[in-house]
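Residue numbers (our numbering): 12 to 114. In what follows, a structure is listed as C-alpha cells, so that the remarks can point back to it.
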Amino acid sequence: MAIFYNAYSDLDLPDLMQRLDAAARSAGDVWEAWSASDDLGPFHLEIMAEYGVGEGFKSECFTRHSKDHTVQAREAMLAFFESFPGRKLLLNGDVLVAFHPEQ
Numbered sequence: 012m013a014i015f016y017n018a019y020s021d022l023d024l025p026d027l028m029q030r031l032d033a034a035a036r037s038a039g040d041v042w043e044a045w046s047a048s049d050d051l052g053p054f055h056l057e058i059m060a061e062y063g064v065g066e067g068f069k070s071e072c073f074t075r076h077s078k079d080h081t082v083q084a085r086e087a088m089l090a091f092f093e094s095f096p097g098r099k100l101l102l103n104g105d106v107l108v109a110f111h112p113e114q
C-alpha cells in the first residue's frame with residue numbers, strides 16, 4: 012500500500028526541488044518516489060478555499076512510501092516540511108497534517 016504526502020509552499024520551484032532532492036537522499040530508501048511542481052492545478056484552489064488561504068502557493072511536492080516505512084517516512088517528511096520558510100501546508104492524501112499560514 013502506498014502512502015502519499017503533499018506539501019505546498021511559497022518556495023520557487025528550483026529551491027523546492029533542491030531541498031526535496033537533499034531530503035530524499037538523507038531519508039535513505041524510505042521514499043519510493045518524490046517530485047515537485049509549480050503547476051498546482053484545480054485541487055490546489057479547492058484546498059486554498061477550504062483552509063481560508065487567500066493567495067495560492069507557488070509550488071508543491073509529493074512523496075510516496077510503502078506502509079512498511081511509515082514512521083521513518085513521516086519523520087523525514089515532517090523535518091523537510093518544517094525547514095520551509097514562510098507559509099506552508101502538508102497533507103496526507105487529502106487529510107490535513109500541518110498548516111502554517113504565516114511565519
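For glycine and all other residues, C-beta sits at the position ideal for the given N, C-alpha and C.
| Counting Cβ pairs, one atom from each stretch, are 3 or more of them under 8 Å apart for the stretch 84-94 and the stretch 30-38? | yes
| Closest by C-alpha distance to residue 98, when choosing among 35, 20, 83 | 20
| message | Under 8 Å: do the stretch 45-58 and the stretch 69-87 share three or more Cβ pairs, one atom per stretch? | response | Note that the stretch 45-58 touches the stretch 69-87; at least 3 beta-carbon pairs, one per stretch, sit closer than 8 Å.
| task | Per DSSP, which residues does residue 69 bridge with? Please list them. | result | In the DSSP output, where bridge partners are listed per residue, residue 69 has none listed.
| task | Look up residue 30 in the DSSP assignment and say whether it is helix, strand or coil. | result | Reduced to three states, the DSSP call for residue 30 is helix.
| query | Just how far apart, CA to CA, sit residue 14 and residue 83? | reply | About 12 Å.
| request: Compare the C-alpha of residue 36 against each of 109, 87, 78 and name the closest. | output: 87
| query | Alpha carbon to alpha carbon, how far is residue 43 from residue 75? | reply | Roughly 6 Å between the two C-alpha positions.
| DSSP-derived helix/strand/coil call for residue 56 | Helix, per DSSP.
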